[in-house]
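Heads up, the sequence shown is in this note's numbering, so the first residue is 8 and it goes up one at a time.
Where a beta carbon is used, it is the ideal one built from N, C-alpha and C, also for glycine.
Values in this document were obtained by computation on a predicted structure and should not be read as measured data.
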Amino acid sequence: MLLYERLAGELRKQIAQGALHAGERLPSIRQLANGHGVSAATAVQACLQLEREGLAVARPRSGYFVRATAPQPPATRPARRSVPGTVSNPALQDVLDMLARSDLLPLHSATPAPALLPQSALTASLARCLRHDASAALDYAPPQGHLALRRQIAQRYAQIGAGVALDEIVITAGAMEAINLALRTVTAPGDVVLVETPTYHGILQTVAALQLKVLEVPNLSGQGIDVVRLEQLLQRNAVRAAVVVPNFNNPLGSLTSDVAKQALLESCARHGTVVIEDDIYGDLAWSGQRPSPLRRWDRHGNVISCGSFSKTLAPGLRVGWLAGNQWTDALVRAKYFSTVGSASLPQLALADYLQRHDQERHLRRLRRMLADNGQRLHEAIARHWPAGTRASEPQGGLSLWLQLPPGGDGRVLFEAALAKRIGTSPGVLFSSRGDYVDCLRLSCGLPWDERLDRALKQLGQLAAAAIR
Ligand SMILES: Cc1ncc(COP(=O)(O)O)c(C=O)c1O
């Protein structure tokens with residue numbers, strides 16, 4: 008047996024016997040080398056071996072840690088809404104009002120913490136734009152958006168293998184406005200739209216505001232959109248549009264496979280359902296492998312693709328976009344009637360930033376941090392939360408979805424946490440009619456520190472008390 012294998016065996020035994028606990032740091036490379044009389048290279052090889060076996064995880068600049076036994080994924084539920092209905096969920100208003108506070112540890116907010124974003128480079132770009140051409144920065148933008156930024160977005164689509172023409176790109180106030188304009192353009196009040204369940208509450212609110220009816224197709228943790236069910240729903244109902252988040256659904260973080268994406272596109276095209284793709288998390292694959300947007304396989308010209316800089320650069324700049332396909336002219340008109348155009352300064356500053364900086368490098372770091380945060384949240388939940396708590400296995404994005412053990416109530420936990428100044432998102436927010444009472448969403452966007460560790464412990468205690 009090689010030296011490193013012997014050392015790995017030793018550590019494996021300590022983990023199995025509980026001498027090293029889940030989430031605990033392994034001795035440092037130097038300690039292992041000195042303690043076992045081996046070289047540092049042998050100690051590294053032993054740790055790498057444990058990592059390959061799934062027993063240890065490496066954390067940037069912190070060393071190796073014992074991997075926690077992963078909580079089970081959330082249980083699959085029968086589809087709840089197979090007949091079109093209106094969005095009726097008071098939590099969409101009440102809960103969001105309660106979360107509009109600035110004194111909370113923001114575990115409710117699906118955004119990366121400021122420390123994970125290139126704030127000083129963006130500040131420099133904003134200042135440069137004002138210094139060099141204040142007239143352009145302070146003037147109206149064209150309704151479709153500034154060319155320099157649209158060009159950057161078109162280049163990005165080309166890099167990821169989806170052919171989007173520069174002429175199709177319309178700059179919007181975030182992905183939220185993109186989805187809103189798309190829905191207003193392709194639907195009329197009373198039409199039926201298909202959404203995922205669970206899904207992002209902003210989509211549900213827009214659908215409600217536009218007086219549309221909803222049908223829900225399940226999105227499953229670790230699997231993505233159930234396209235077999237989607238086909239059944241489209242066969243039985245006249246559905247005008249589908250608003251979907253195939254790349255890292257919020258709240259589950261699940262990725263829909265390429266095969267399923269293509270099946271979804273064919274089903275929708277066959278049934279005359281326009282696809283509104285929300286690809287806001289596509290750049291945040293924890294594996295580092297950027298999945299393709301639906302647009303890549305759109306043989307029928309039937310997809311409106313929406314994106315945003317909110318999750319990768321700066322949510323407060325309020326810059327997103329859509330690729331409008333055959334609806335581009337109508338969408339540009341809708342944008343004009345809605346806000347004339349998006350603000351010039353943020354658009355010009357983002358174009359400046361993207362020209363000067365290696366965005367891919369920033370994304371690599373961001374994805375690594377999010378994956379690491381997700382892993383630590385998993386470990387903290389396995390250690391501190393009631394036995395039987397289930398957690399999604401996000402493949403990307405910014406959130407982790409939890410299901411409390413039987414009798415658990417996410418709303419009770421949400422309110423108890425709020426009293427301790429910890430923000431969480433109760434599961435009921437992610438359904439058109441208040442399903443997922445036993446669930447909760449946490450953000451993976453906060454870098455791990457003592458305060459977060461304490462909060463997760465505290466939440467675990469509150470979760471135990473939230474079980475009837
Ligand atoms: C799936 C999804 N779409 C859209 C948005 C809103 O994005 P934006 O800030 O770009 O409007 C969010 C924000 O959380 C989201 O999770």
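Item to check | Distance between beta carbons of valine 339 and glutamine 151, contact taken as under 8 Å | outcome: Here residue 151 refers to the residue found at position 144 when the sequence shown is read from its first residue. Here residue 339 refers to the residue found at position 332 when the sequence shown is read from its first residue. Confirmed, about 5 Å.
Checklist entry - Just checking, does the stretch 440–450 make contact with the stretch 105–124 on the three C-beta pairs under 8 Å criterion? => result With a cut-off of 8 Å, the stretch 105–124 and the stretch 440–450 count as touching, because enough Cβ pairs lie within range.
Checklist entry - Can you tell which of Arg306, Pro67 and His364 has its C-alpha closest to the C-alpha of glutamine 269? => result Residue 269 sits at position 262 when you count from the first residue of the sequence shown. Check the Cα spacing between glutamine 269 and each of Arg306, Pro67 and His364: the tightest is with Arg306.
Next on the checklist: Taking 8 Å as the cut-off, does the stretch 128–137 touch the stretch 354–361 (at least 3 CB pairs, one atom from each stretch)?
Outcome noted: Touching, per the Cβ criterion.
Next on the checklist: Which residue marks the beginning of the alpha helix (DSSP H) containing cysteine 54, and which one marks its end?
Outcome noted: Position 47 of the sequence shown holds residue 54. 47–59 is the extent of the alpha helix (DSSP H) around cysteine 54.
Item to check | Rounded separation between isoleucine 36 and leucine 459 - CA only | outcome: Counting from 1 along the sequence shown, the entry for residue 36 is found at position 29. Counting from 1 along the sequence shown, the entry for residue 459 is found at position 452. Cα to Cα, the separation comes out at about 27 Å.
Item to check | Runs of beta strand (DSSP E) lying entirely within the stretch 66–126, each at least 3 residues, in chain order | outcome: Counting only runs of 3 or more residues that sit fully inside the stretch 66–126, the beta strand (DSSP E) segments are 70–73, in chain order.
Item to check | Backbone secondary structure at aspartate 336 - three-state DSSP | outcome: Your numbering for residue 336 matches position 329 in the sequence shown. When secondary structure is reduced to three states using DSSP, aspartate 336 falls in the helix class.
Item to check | Cα-Cα separation between alanine 143 and leucine 156, rounded to whole angstroms | outcome: Working through the sequence shown from its first residue, we reach residue 143 at position 136. Working through the sequence shown from its first residue, we reach residue 156 at position 149. Rounded to whole angstroms, alanine 143 and leucine 156 show a C-alpha spacing of 14 Å.
Checklist entry - Is any heavy atom of ligand 1 found at a distance shorter than 7 Å from the C-beta of serine 317? => result As a first step, residue 317 must be located in the sequence shown, where it is residue number 310. Yes - ligand 1 has a heavy atom lying nearer than 7 Å to the Cβ of serine 317.
Checklist entry - isoleucine 7 bridges to which residues according to DSSP? => result Residue 7 falls outside the range modelled here, since the chain spans only 8 to 475, and no answer is possible.
Checklist entry - Just curious, the beta strand (DSSP E) that arginine 247 is in, first and last residue? => result The sequence position of residue 247 within the sequence shown is 240, counting from 1. No beta strand (DSSP E) holds arginine 247; DSSP gives it neither H nor E.
Checklist entry - Closer than 7 Å: is that where the CB of asparagine 257 sits relative to any heavy atom of ligand 1? => result As a working note, residue 257 is residue 250 in the sequence shown. True, at least one ligand heavy atom lies under 7 Å from that Cβ.
Item to check | Distance cut-off 7 Å: proline 322 Cβ against heavy atoms of ligand 1 | outcome: Counted from its first residue, the sequence shown places residue 322 at position 315. Yes, since a heavy atom of ligand 1 falls inside the 7 Å radius drawn around the Cβ of proline 322.
Next on the checklist: Taking the alpha carbon of isoleucine 388 as the reference point, which residue from Gly170, Leu137 and Gly467 has its own alpha carbon closest?
Outcome noted: Position 381 of the sequence shown, counting from 1, holds the residue named residue 388. Among Gly170, Leu137 and Gly467, the Cα nearest to that of isoleucine 388 belongs to Gly467.
Checklist entry - Do leucine 259 and proline 205 come within 8 Å of each other at the CB atom, strictly closer than that value? => result Working through the sequence shown from its first residue, we reach residue 205 at position 198. Working through the sequence shown from its first residue, we reach residue 259 at position 252. Yes, Cβ-Cβ distance for proline 205 and leucine 259 is below 8 Å.
Item to check | Rounded separation between proline 119 and leucine 9 - CA only | outcome: Position 112 of the sequence shown, counting from 1, holds the residue named residue 119. Position 2 of the sequence shown, counting from 1, holds the residue named residue 9. Those two C-alpha atoms are separated by around 43 Å.
Item to check | Beta-carbon proximity list for leucine 106, same chain, < 7 Å, skipping 5 on both sides | outcome: As a first step, residue 106 is located in the sequence shown; it is residue number 99 there, counting from the start. For leucine 106, where only same-chain residues beyond five positions count, the Cβ hits under 7 Å are His115 and Gly430.
Checklist entry - Can you round the beta-carbon distance between proline 80 and glycine 229 to whole angstroms, since I take them to be within the 8 Å contact cut? => result Here the question's residue 80 lines up with position 73 in the sequence shown. Here the question's residue 229 lines up with position 222 in the sequence shown. Right, the Cβ-Cβ distance comes to about 6 Å (below 8 Å), so this counts as a contact.
Checklist entry - Helix, strand or coil: which one does DSSP assign to cysteine 451? => result Translated into the one-based positions of the sequence shown, residue 451 becomes position 444. DSSP, reduced to helix, strand and coil, places cysteine 451 outside both helices and strands of the structure shown, so it counts as coil.
Item to check | Nearest residue (CA-CA) to alanine 128, options Ala40, His364 and Ala378 | outcome: If you number the sequence shown from 1, residue 128 lands on position 121. Nearest to alanine 128 by alpha-carbon distance, out of Ala40, His364 and Ala378, is His364.
Item to check | Proximal residues to tyrosine 147 (C-beta, below 8 Å), its chain only, five neighbours per side dropped | outcome: For this step, residue 147 is matched to residue 140 along the sequence shown. Counting only Cβ-Cβ distances below 8 Å, and skipping sequence neighbours, we find Val347, Gly348 and Ser351.
Checklist entry - When the Cα of serine 406 is compared with those of Pro91, Ala426 and Ile287, which residue comes out closest? => result In the sequence shown, the residue the question calls residue 406 occupies position 399. Its Cα nearest to that of serine 406, the residue Ile287 stands out among Pro91, Ala426 and Ile287.
Checklist entry - Just reading off the alpha helix (DSSP H) that threonine 206 is part of, what are its end residues? => result To locate residue 206, count along the sequence shown from 1; it is residue 199. Per DSSP, threonine 206 lies in no alpha helix (DSSP H) segment and is marked neither H nor E.
Item to check | Best match in Val235, Leu324, Leu201 and Val193 for proximity to alanine 267 [C-alpha to C-alpha] | outcome: Taking the sequence shown and counting its residues from 1, the one referred to as residue 267 is at position 260. That would be Val235, whose Cα lies nearest to the Cα of alanine 267.
Checklist entry - Given tyrosine 11, which residues of its chain have a CB within under 7 Å of its CB, disregarding the five upstream and five downstream residues? => result Within the sequence shown, numbered from 1, the residue matching residue 11 stands at position 4. For tyrosine 11, where only same-chain residues beyond five positions count, the Cβ hits under 7 Å are Thr49, Gln52, Ala53 and Gln56.
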